[in-house]
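Working notes for the structure below.
There are 2 protein chains.
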Amino acid sequence: MNAEIIAVGSELLLGQIVNSNAQFISEQLAEMGVNVYYHTSVGDNPERLQHAISVAQERADLLIFTGGLGPTKDDLTKETIAKSLGTTLTLDEDALESIKGYFKKVDREMTPNNEKQALILAGSQVLKNENGMAPGMLLKKDAKAYMLLPGPPSEMKPMFSTYGKQAIQHLLKKKEIIHSRVLRFFGIGEAQLETELEALIDQQTNPTIAPLAGDGEVTLRLTAKHESKDVAITLLDELEIEIMNIVGEYFYGYDQDSLGEVGFKLLKEKGFTLSCAESLTGGLFQAQLASLPGASSILKGGVICYQDEVKKKILSVKESTLEQHTSVSEKCAKELAENVRELLSSDIGISFTGVAGPGSHEGQPAGTVWIGLSMKDQPTKTFHLNLGGGRNANRIRTAKYGWYYLIKELSE
Amino acid sequence: MNAEIIAVGSELLLGQIVNSNAQFISEQLAEMGVNVYYHTSVGDNPERLQHAISVAQERADLLIFTGGLGPTKDDLTKETIAKSLGTTLTLDEDALESIKGYFKKVDREMTPNNEKQALILAGSQVLKNENGMAPGMLLKKDAKAYMLLPGPPSEMKPMFSTYGKQAIQHLLKKKEIIHSRVLRFFGIGEAQLETELEALIDQQTNPTIAPLAGDGEVTLRLTAKHESKDVAITLLDELEIEIMNIVGEYFYGYDQDSLGEVGFKLLKEKGFTLSCAESLTGGLFQAQLASLPGASSILKGGVICYQDEVKKKILSVKESTLEQHTSVSEKCAKELAENVRELLSSDIGISFTGVAGPGSHEGQPAGTVWIGLSMKDQPTKTFHLNLGGGRNANRIRTAKYGWYYLIKELSE
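First to last, the protein sequences are chains A and B.
Residue 255 in UniProt numbering sits at position 255 of the first sequence; the count goes up by one each step and never skips.
Residue 314 in UniProt numbering sits at position 314 of the second sequence; the count goes up by one each step and never skips.
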């Protein structure tokens, strides 16, 4: 089965946004063994969209559309597909109730144009939108399948992951199971990881190993094909062991795990509470933790000690420490981690102090970072980083290293 | 003149990378008044690339290709276009010298497959590659134009900016200047904004108004065309005034301004320092501020008072307040804002307390938020939100509202 992804929206053709939806869906489909042969982007124009549909019908079995399901005049994906297929739109009562409910909750007036979001292609299977108003849908017609998804990634991704993939699985007739597993690594560069695993990568045919680097992390996608799911999984397990023997110390998680999620799980398992003193990261580390449901049982809170007077006044960092070593020092990181742990009465205290950049600070170059990790009844650990990115890359990388060191500590 | 952008590379169809080249080129072309009607991505496959070329020839005058100009077997853009047009490839001596020179410089052996990078479409104009080996090119044939650019953005962007745009300008016969301006709005939904401006949007032909919504914000792109730049700008000014008369209260900035950047500029202008008490946002608000260079003169710091005991212990929220009103209350937001301002000795204190979700807390539904704004010698202001998104959408939206209320306050 071949797929084509058609992104609808003039903002794409005007260069206002990038087509991240096509990347996400393509990656998901690749995991499922579905070939994606073309991506098309077209504007909110009925004639051009119709043309794109005709072209896609000639070269794909599964047409996946993103965008154009909203309430405005420019939103015309459903209407155009209906016209193209000679079918109609019907009202989905559940979707309409859901839309009405949203406006009631936020105490806003529901303008009539919002109702059209509840229309679906006649005979299509609805894909629930748990993060927005417009439902998605899957229509099977004349030996082809048409999937319509919302444009905003925050709505499209969960819908596709939860309902879309499942619907596509039912369309597939293949007997060979494709089974993928992603191994996630941190603290090692892509080139080095590839070099260490070179022999293994070259000789692997099933499973295959596909490296991908981004945001300071490297992932290895292992893909096994076999009629039997159990055999495919065994093949993956065996390859994973071989890889871990070589680069296991940099491994931290699987698939879509983020460093924060893995760290959070470990903290929960051990029942530890955490408090944080953040200077250069400015709240980034705690914000990541707070984004995870259930964080309130783990995160006591913390102090954003951006300016030195706050480090002194609230976190009792010694005047002598700042004078003799400055805030960008091992000593400062140690005091911050210990003192925030004590102040907030948590099991673990973590601190981040350094120079994000651009430009140096207190004589230390941009990218100089100290992380402190204070735990009950243990000597405080400190970690030194020399980062080479821009201001925000350094802040993000620092927060990731915080999680990484926490994970390594909790995994011992 | 209509353009189509064709990105060549299997990594796109496998979802390994996002098509940022199409976004960049589209934005540049929009500025030049060239319509981009389609984007296509296709893999390193001669048959499918040929099909994509045929389709594009039927619907575009200017075909811009990115990718597939490299030395490997997978690089076949030139060869496929040559075959499609019934033309040949010739060796460009300058390009060959350039490639040889590169290998000499980095002291590496030049494998023979690198030579094919010096081949160009017969009769084409070369676009110099100052950041890599493969030259770009522009071929005019049968009333159409074919531009070939490298795939790596670091090579494509400079080539397009320096040589590509110029070459396209020569193709254009228009004397008209295109001038765009983006107006940014917050606190109003896309559907409502369109409803309020419906008459204006419908009757506008020059300038045109194009709405775009995302992440809780709505932007309006105003585009004016005129031979005279001054007249184009006057047309934009006049339309902007009309729009402001209708929905000006929700306006906060222009073009690429973010709420945080606008707020930060205002704080800087007035020389105010800021401290923050964040509960549900967990550090998100301060992290945004810390991402801006120069934040250290504005952001004193703050307290992440995620758990109630931290609200009490560090920010001295009264026990009675939490017992009688809970942390999700106007009273708590007020005390947090006032107390953090006092504790960190800043001009302004801002607080965020509420229920991010999922699920309710202390009897209050997910999305219930209170924001407190404490300023010297003024009664503390509080703001109540009823948000309807998921956990993280609510947190992000709350931080945005914080900036929004701060901006409105500082703009009075």
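Glycine included, every Cβ here is placed at the ideal spot set by N, Cα and C.
Note that the structure is a prediction, hence the values are computed from the model and not measured.
Chain order gives the chain B residues near Lys300/A as Tyr306, Gln307, Glu309 and Val310, where near means a beta carbon separation below 8 angstroms.
Pairing Gln256/A with His179/B, the inter-Cα distance amounts to about 42 angstroms. The C-alpha of Gly359/B is placed about 15 angstroms away from the C-alpha of Thr353/B. Contact between the stretch 107-118 of chain A and the stretch 177-197 of chain B is present: three or more C-beta pairs spanning the two stretches fall below 8 angstroms.
Per DSSP, Cys332/A lies in no beta strand (DSSP E); the unbroken alpha helix (DSSP H) holding it starts and ends at Glu330 to Leu343. Look at Met156/A here: in three-state DSSP terms it is helix. In terms of CA proximity to Tyr250/B, Phe186/B leads the group Phe186/B, His39/B, Gln125/B and Ile64/B. Sorting Gly214/B, Leu85/B, Thr219/B and Asn206/B by C-alpha distance to the C-alpha of Glu227/B places Asn206/B at the top. Within chain B, Gly15 have C-beta atoms less than 8 angstroms from the C-beta of Phe24/A, given in sequence order. Fully enclosed beta strand (DSSP E) runs of no fewer than 3 residues occupy 251-254 of the stretch 220-266 of chain B, in order along the chain. The Cβ atoms of Ser20/B and Pro158/B do not sit closer than 7 angstroms to each other. In the DSSP annotation of this structure, the continuous segment of the alpha helix (DSSP H) that includes Glu319/B starts and ends at Glu319 to His325.
When only Cα atoms are considered, Leu14/A and Arg59/B end up about 17 angstroms apart. Using a CB distance cut-off of 7 angstroms, Thr87/A does not count as an interface residue toward chain B.
With respect to chain B, the C-beta atom of Ala56/A has no partner C-beta closer than 7 angstroms. Per DSSP, Asn129/A lies in no beta strand (DSSP E) and is assigned neither H nor E. For Thr382/A, the enclosing beta strand (DSSP E) covers residues Lys381 to Asn386. DSSP places Met137/B in the uninterrupted beta strand (DSSP E) bounded by Gly136 to Lys141.
Taking each of Ile81/A, Ile348/A and Ile177/A in turn and checking the Cα distance to Gly33/A, the smallest one comes out for Ile177/A. The beta carbon of Glu130/B lies closer than 7 angstroms to those of Pro158 in the same chain, with the five residues before and after it left out. In the structure shown, the three-state DSSP call for Ser360/B is coil.
Rounded to whole angstroms, the gap between the alpha carbons of Leu387/A and Pro365/A is 10 angstroms. Nearest CB-CB separation between Ser180/B and chain A: not below the 7 angstroms threshold. In the assembly as shown, Ser98/A is a buried residue. Its beta-carbon has 16 or more other beta-carbons within 10 Å.
Secondary structure of Tyr306/A (DSSP, three-state): coil.
Only exposed fits His170/B, as fewer than 16 other CB atoms lie within 10 angstroms of its CB. Proximity of Glu362/B to chain A, defined by a Cβ-Cβ separation below 7 angstroms, is not satisfied.
Each of Pro46/B, Asp230/B and His51/B was checked against the Cα of Lys78/B, and the nearest Cα belongs to Pro46/B. Against Gln192/B, the close residues of chain A are Arg108, Glu109 and Thr111, in the order they occur along the chain (beta-carbon pairs closer than 8 angstroms). Contact between the stretch 117-124 of chain B and the stretch 88-98 of chain B is established, with three or more Cβ pairs separated by less than 8 angstroms. Lys300/A is positioned such that its CB atom lies no closer than 7 angstroms to that of Ser316/A. Using a Cβ distance threshold of 7 angstroms, Pro71/A and Gln117/A count as a contacting pair.
Boundaries cannot be given for Gly43/B, as no beta strand (DSSP E) includes it and DSSP labels it neither H nor E. Interface with chain A (7 angstroms Cβ-Cβ cutoff): Ser41/B is included. Non-local beta-carbon contacts of Lys400/B in its own chain, meaning distances under 7 angstroms to residues more than five positions away in sequence, involve Phe186, Gly216 and Leu259 in chain order. In the structure shown, Lys376/A adopts coil according to DSSP, grouped into three states.
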